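Here is the structure we will look at, set down as structure tokens.
Number of protein chains: 2
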Amino acid sequence: MVGGGQLARMTHQAAIGLGQSLRILATEPDDGAALVAADVHIGQPDDLDALRRFAKGCDVVTFDHEHVPGDHIRALAAAGESVYPSADALRYAQDKRAMRERLTELGVAVPRWRPVTTADDIRQVAAGSGWPVVVKAVRGGYDGRGVWMVDGPDGAMDLAPELLVEERLPLRRELAVQVARSPFGQVAIYPVVETVQADGVCVEVLAPAPDLPAGTAAEIQELAIRLADELDVVGVLAVELFEVDSGQIVVNELAMRPHNSGHWTIEGARTSQFEQHLRAVLDYPLGACELTAPAVVMANVLAAESPAQPLDERLHYLFAGEPDVKVHLYGKRSRPGRKVGHVTALGTDLGEVRVRAARAARLLAEGRTDGD
Amino acid sequence: MVGGGQLARMTHQAAIGLGQSLRILATEPDDGAALVAADVHIGQPDDLDALRRFAKGCDVVTFDHEHVPGDHIRALAAAGESVYPSADALRYAQDKRAMRERLTELGVAVPRWRPVTTADDIRQVAAGSGWPVVVKAVRGGYDGRGVWMVDGPDGAMDLAPELLVEERLPLRRELAVQVARSPFGQVAIYPVVETVQADGVCVEVLAPAPDLPAGTAAEIQELAIRLADELDVVGVLAVELFEVDSGQIVVNELAMRPHNSGHWTIEGARTSQFEQHLRAVLDYPLGACELTAPAVVMANVLAAESPAQPLDERLHYLFAGEPDVKVHLYGKRSRPGRKVGHVTALGTDLGEVRVRAARAARLLAEGRTDGD
Chain P
1 MVGGGQLARM THQAAIGLGQ SLRILATEPD DGAALVAADV HIGQPDDLDA LRRFAKGCDV
61 VTFDHEHVPG DHIRALAAAG ESVYPSADAL RYAQDKRAMR ERLTELGVAV PRWRPVTTAD
121 DIRQVAAGSG WPVVVKAVRG GYDGRGVWMV DGPDGAMDLA PELLVEERLP LRRELAVQVA
181 RSPFGQVAIY PVVETVQADG VCVEVLAPAP DLPAGTAAEI QELAIRLADE LDVVGVLAVE
241 LFEVDSGQIV VNELAMRPHN SGHWTIEGAR TSQFEQHLRA VLDYPLGACE LTAPAVVMAN
301 VLAAESPAQP LDERLHYLFA GEPDVKVHLY GKRSRPGRKV GHVTALGTDL GEVRVRAARA
361 ARLLAEGRTD GD
Chain F
1001 MVGGGQLARM THQAAIGLGQ SLRILATEPD DGAALVAADV HIGQPDDLDA LRRFAKGCDV
1061 VTFDHEHVPG DHIRALAAAG ESVYPSADAL RYAQDKRAMR ERLTELGVAV PRWRPVTTAD
1121 DIRQVAAGSG WPVVVKAVRG GYDGRGVWMV DGPDGAMDLA PELLVEERLP LRRELAVQVA
1181 RSPFGQVAIY PVVETVQADG VCVEVLAPAP DLPAGTAAEI QELAIRLADE LDVVGVLAVE
1241 LFEVDSGQIV VNELAMRPHN SGHWTIEGAR TSQFEQHLRA VLDYPLGACE LTAPAVVMAN
1301 VLAAESPAQP LDERLHYLFA GEPDVKVHLY GKRSRPGRKV GHVTALGTDL GEVRVRAARA
1361 ARLLAEGRTD GD
């Protein structure tokens, strides 16, 4: 797996069960996955020589991010390496413009958008939908980075080298779904989930998405399967969606790897997205996606500015207070706002499960305060 | 963790979630845990210098087997290392004679037994219970090794350097229970399970033990908690028990580490025995032990003499046939009869779950035959 972050770290956990050991291409020896894996290469994801050395002897090469240039992936494939997803598929997760063009061709609903060549492009979208509009970097954005709400075109042209602009839709909520696809073409689809954002960063995932009509859920699942097929995805495809106030479902973003919106699957589904990604890229038959409990909530742990206690003590409070919440720490250095872990709670009543997950995430991020 | 087998391998998976990385003292670089962990020392568990080097810088030292001599553990503790379980506790898992003496003092039922000094000791037990009797090595036995049924004393004295002899009880079945205890003294107890043996080797674990009266289950759990307290165990204590034809419950063996009879907890309990062992030895509050499904079955995968297909193909058949069975491969070289992995199935009907687990284990061990 190219990339040594938490996605590779959790994929390594899954790989161990399958009798595999994940080779990691990390940029630093203290990357989250590099700290826990036996076979670590250090190198940059845009260094073709490093990629070639890394790929030598791997059964298959896959990614925990979108930063490997397509030409490098093609060069590896041309040299006989198995690489999944392919450069042609991954392009639609790397290039937001290419994705929107392709989805529009396929007749899939996306927000009204246009590439930005001049400030007039931004004004034109605003003329239709009003300000603010959403400006996005075409490449390299993630976790709310590379996305800006702008109230006018001033300064917007300098936000990133290549931009697109989108109408800002009146949202009921955000949804997501994971689908896995193997080279053989088998697909496995997870239940649709609701993702809750704060300041553009995912803080909570509710599985399954509450109060989603069965027909809508099935349509979203069919859409995800269709996208995986049409884009020839191999591995996990995460589809992030908007549920607009009108009820319409619109595709927001795509990722072709395990994704934050699927972390709930580790305990909440029979097969985790990490195991599923491995099964897919290794061309094994895929695993069952059924929920293991009626309600599953994943809450991200975002590092606090000044936690009340050191991490070890915060873990003590969390374990004492929530003995059945599961903890996943990523081994990352803490920096305010950084995702340093997540927690998962399961149960029968979504409201109750949500309270437990949120409390656990808060105890882990901020520590115990007088209110606890 | 001293020892690089599958127990350390699965403990490493749990450690990753807790934000830890397990340091392993393996005897070979291709030990199951050494293949997948970042921080591996190579050394023998009875080499005090290797143990000292290994322990330096560890938060706490623990074990995946019973092979570290008590004096070495005492030397590490005297040098200021945290070692759990302690030498005084671990003695009762290392020395079957010491265990039986101590349990007898505590008034806990064990099979009628005596240490073997001469062949007469064997004859004396047989005089009470009839032949065959059970002869056991006092030290070093595991997985059915170091246990012999003998029909007479001839040759029995040469089976191991130090022996004990036990009556052979008429068994209804074998049971087991896991309890975890922290240095603080908190305990967490799992449901009682049934363990199914073939030729002295565990092949299947049924959780919870079917048709066990609630009162008996509670008594067994109380007994395990009492033993953990009395023996001052820190970490997981596995208690293996006999349910005798009369209904009496008798202690068979103790292990002070994650144990094969607890592998079902990875998917079948809210907290796995591996995470629980880490939480205990790190003195974190312990996790919830509740079952995640009404019926959980773990089946060991014992390497077959001549499987019908290579491993990769067998995995394909298993994944295709049983998409919701979870697989754990240990990264071990295959040798007929060797435990190379296990599978876990969950559901509501024990009979159905058991069929699925057994089929999955057979597909993985032997491969697909005309009957499948």
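Chains as they are written, first to last, in the working numbering: chain P, 1 to 372; chain F, 1001 to 1372. Ideal Cβ positions, reconstructed from N, Cα and C, are used throughout, including at glycine. None of these values were measured; they are calculated from a predicted model.
Closer than 8 Å to the CB of Glu240 (chain P) there is not a single CB belonging to chain F.
Scanning chain F for C-beta atoms nearer than 8 Å to the C-beta of Ala38 (chain P) yields Ala1034, Leu1035, Val1036, Ala1037, Ala1038 and Val1040, reported in chain order. If the five residues before and after Ala180 (chain P) are omitted, its C-beta is found closer than 6 Å to the C-beta atoms of Ala188, Val236, Gln276, Ala280 and Leu286, all from its own chain and listed in chain order. Within the stretch 1255 to 1315 of chain F, the complete alpha helix (DSSP H) segments of 4 residues or longer fall at 1265 to 1268 and 1273 to 1281, listed in chain order. Residues of chain P with a Cβ closer than 8 Å to the Cβ of Ala1320 (chain F) are, in chain order, Pro285. For Pro1115 (chain F), the beta-bridge partners assigned by DSSP are F:Leu1164. Residue F:Arg1123 holds the alpha-carbon nearest to the alpha-carbon of Leu1164 (chain F) among F:Arg1123, F:Glu1204, F:Ala1198 and F:Leu1171. Counting along the chain, Asp39 (chain P) sits inside the beta strand (DSSP E) bounded by residues Asp39 to Ile42.
Contacts between His1263 (chain F) and chain P, judged by CB atoms closer than 8 Å, are missing: the closest CB pair is about 11 Å apart. For Glu240 (chain P), no alpha helix (DSSP H) run applies; the uninterrupted beta strand (DSSP E) run containing it begins and ends at Gly235 to Val244, by DSSP. The count of Cβ pairs closer than 8 Å, one atom from the stretch 116 to 135 of chain P and one from the stretch 154 to 170 of chain P, reaches three, so the stretches are in contact. A direct Cα-to-Cα measurement between Arg338 (chain P) and Ile1016 (chain F) gives close to 19 Å.
Selection P:Phe63, P:His67, P:Arg139 and P:Ala77 evaluated against Met99 (chain P) yields P:Arg139 as nearest (Cα-Cα). Gln178 (chain P): member of the beta strand (DSSP E) spanning Leu171 to Arg181, first to last residue. Within the same chain, Val2 and Pro45 come within 6 Å of Val68 (chain P) by CB-CB distance, once the 5 residues on both sides are set aside. Beta-bridge annotation (DSSP): Gly1341 (chain F) is paired with F:Val1301 and F:Leu1329. Counting C-beta atoms within 10 angstroms of its own C-beta, Thr1118 (chain F) has fewer than 16 neighbours from the protein chains shown and is therefore classed as exposed. In the DSSP assignment, Thr1195 (chain F) falls within the unbroken beta strand (DSSP E) covering Val1193 to Ala1198. No residue range can be given for Glu1366 (chain F), since it is assigned to no alpha helix (DSSP H) and is classified by DSSP as neither H nor E. Here Met149 (chain P) is exposed. Its C-beta has fewer than 16 other C-beta atoms within 10 Å. In this structure, the alpha-carbon of Leu212 (chain P) lies about 10 Å from that of Glu243 (chain P). Using a C-beta cut-off of 8 Å, the stretch 1006 to 1022 of chain F makes no contact with the stretch 1311 to 1326 of chain F, since fewer than three inter-stretch Cβ pairs fall below that distance. Fully enclosed beta strand (DSSP E) runs of no fewer than 3 residues occupy 1039 to 1042 of the stretch 1028 to 1076 of chain F, in order along the chain. Ile189 (chain P) is bridged by DSSP to P:Val179.
With distances taken between CA atoms, Glu28 (chain P) lies nearest to P:Gly331 out of P:Gly331, P:Arg52 and P:Leu363. With respect to His342 (chain P), His259 (chain P) sits apart: the two C-beta atoms are not nearer than 8 Å. For Asp1324 (chain F), the neighbours in chain P by C-beta distance under 8 Å run, in chain order, Arg270, Thr271, Gly287, Ala288 and Glu290. The Cβ-Cβ distance between Met298 (chain P) and Ala93 (chain P) does not fall below 8 Å. The continuous beta strand (DSSP E) containing Arg1023 (chain F) extends over residues Arg1023 to Ala1026. Sorting P:Glu66, P:Asp349, P:Ala224 and P:Pro153 by C-alpha distance to the C-alpha of Ala207 (chain P) places P:Asp349 at the top.
For the pair Leu1159 (chain F) and Lys1096 (chain F), the Cα-to-Cα distance works out to about 15 Å. Note that the C-beta distance between Val193 (chain P) and Val239 (chain P) is not below 8 Å. In summary, Ser272 (chain P) is buried, with 16 or more beta-carbon neighbours lying within 10 Å of its beta-carbon over all protein chains present.
Non-local C-beta neighbours of Thr104 (chain P) in its own chain, meaning closer than 8 Å and more than five positions away in sequence, comprise Val110, ordered along the chain. Nearest C-alpha to Val1205 (chain F) among F:His1041, F:Ala1033, F:Ile1042 and F:Ala1345: F:Ala1345. The beta carbons of Pro1191 (chain F) and Leu1291 (chain F) sit about 6 Å from each other, so the pair counts as a contact at 8 Å.
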